[in-house]
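**Student:**
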Amino acid sequence: MDSSGQSDVSQCLARAVGRLPAEDGRHVAEHLLSHVLGRDRAWLFAHARDPLAADEIARFEALLERRIAGEPVAYLTGRRGFWTLDLAVGPDTLIPRPETELLVELALARLPAGQALDVADLGTGSGAIALALASERPQARVMATDASAGALAMAERNAREHGIGNVRFLRGDWWQPLAGQCFDLVASNPPYIADADPHLGQGDLRHEPMSALASGADGLDAIRVIVGDAPRHLRAGGWLLLEHGWDQGAGIRELLLRSGFDEVATERDLEARDRVTSGRWPG
Ligand code: GLN
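As numbered in the numbering used here, the sequence shown has no gaps in its residue numbers, which increase by one up to the final residue, 290.
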């Protein structure tokens, strides 16, 4: 507080850092204050001595309380960056993770630019994968499915906000809304955590939709459905790419090989953990 009883930007941040969980630190305090003020972080540094208005302090305080109670930062701001896109996210959608950008990279490597290829994203959530691929391949025709009406509404909003017109959003489980349709590439970040995994009761996962996280006793229920029906939806030479947990690569390669896929391989994320397995449908 200064002599007038008000707080400036740097005092407010310093007090917040002291209250936030240690692993959040300064970065989260700055992120939340930037959000409240509608300014970027560089502005906070340049205006460290600017006094904050009472309502700004109150709104910052409310977000801090929710963060201290464990809510994910992305749900507090309603935004999360993914690939080149700033996406709207909310409790109906999984929060896009940086490791999922590996799935986007691997998909783009299999999608030559300038061709009218058919692409699908199963369980699109906020639309992260579908919109990243559609923005990089404007000539592709992308289908994005999700069982959750709330998630699809968020994904459609994200498409509108970014002016991305080459994605269609369809409601339903996995392949169900895509009967009779064939694709050159299908990508999915399905739920893959085992139902009994204690991580589901920790951190951000507590607040995210369970249907986007957990999938049966070994976490592979959704992936079995996706792999099982993939041959009916892939053109000859078409690719299936799946994100999964660090210990599921061998099991998913086995599923793909038994279904008749070739060129089956698992790629590691930036933390050197198995993260995405792909296979080619020979036709
Ligand atoms: N990658 C997420 C996590 O482990 C899980 C996402 C998912 O199940 N698709 O935190």
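Glycine included, each C-beta is placed from N, C-alpha and C at the ideal position.
Hey, which unbroken runs of the alpha helix (DSSP H) at 4 residues or more fall wholly within the region 143-187?
**Tutor:** Qualifying alpha helix (DSSP H) stretches, in chain order: 156-168.
**Student:** Where in the region 32-106 do unbroken runs of the beta strand (DSSP E), each at least 3 residues long, occur, reported from the N-terminal end onward?
**Tutor:** The qualifying runs are 86-89 and 92-95.
**Student:** Going by C-alpha distance, which of A61, L101, G286 and F52 is nearest A219?
**Tutor:** For A219, the nearest C-alpha among the options comes from L101.
**Student:** Can you tell me where the beta strand (DSSP E) with A194 in it begins and where it stops?
**Tutor:** From DSSP, the beta strand (DSSP E) with A194 extends over F190 to S195.
**Student:** Taking 6 Å as the limit between beta carbons, can you name the residues of its chain near V96, skipping five residues before and five after?
**Tutor:** A81, R87, I102 and S133, listed in sequence order.
**Student:** Can you look up S17 in the DSSP assignment and give me helix, strand or coil?
**Tutor:** In the structure shown, S17 sits in a helix (DSSP, three-state: H, G or I).
**Student:** Within the present structure, is the beta-carbon of P198 separated from the nearest heavy atom of the ligand GLN by less than 7 Å?
**Tutor:** Checking the Cβ of P198 against the ligand GLN gives yes.
**Student:** Between the alpha carbons of L212 and R167, how many angstroms are there, rounded?
**Tutor:** Cα to Cα, the separation comes out at about 28 Å.
**Student:** Based on the DSSP secondary-structure assignment, which residues constitute the bridge partners of I200?
**Tutor:** DSSP, once it has assigned bridges, lists A221 as partnering I200.
**Student:** Taking 8 Å as the threshold (C-beta atoms), are S155 and D99 in contact?
**Tutor:** In contact: D99 and S155 (Cβ atoms closer than 8 Å).
**Student:** Quick check: is any heavy atom of the ligand GLN less than 7 Å from the C-beta of L212?
**Tutor:** Flag set: Cβ of L212 near the ligand GLN.
**Student:** Of all the options R265, F67, V111 and E106, which has the alpha carbon lying nearest to the alpha carbon of L192?
**Tutor:** For L192, the nearest C-alpha among the options comes from V111.
**Student:** Would you check whether the ligand GLN has a heavy atom nearer than 7 Å to the C-beta of E250?
**Tutor:** Indeed, a heavy atom of the ligand GLN lies less than 7 Å from the Cβ.
**Student:** Out of L94, C19 and R26, point me to the one whose CA is closest to P58's CA.
**Tutor:** Closest by alpha carbon: C19.
**Student:** Spell out the partners DSSP gives D128 in its beta bridges.
**Tutor:** Beta-bridge pairing links D128 to A151 and A194.
**Student:** Assuming C189 and D276 form a contact by the criterion Cβ under 8 Å, report the distance between their Cβ atoms to the nearest whole angstrom.
**Tutor:** Contact doesn't hold; Cβ gap of about 29 Å is too wide.
**Student:** I'd like to confirm the pairing. Which residues does DSSP put opposite W253 in its beta bridges?
**Tutor:** In DSSP, W253 forms no bridge with anything.
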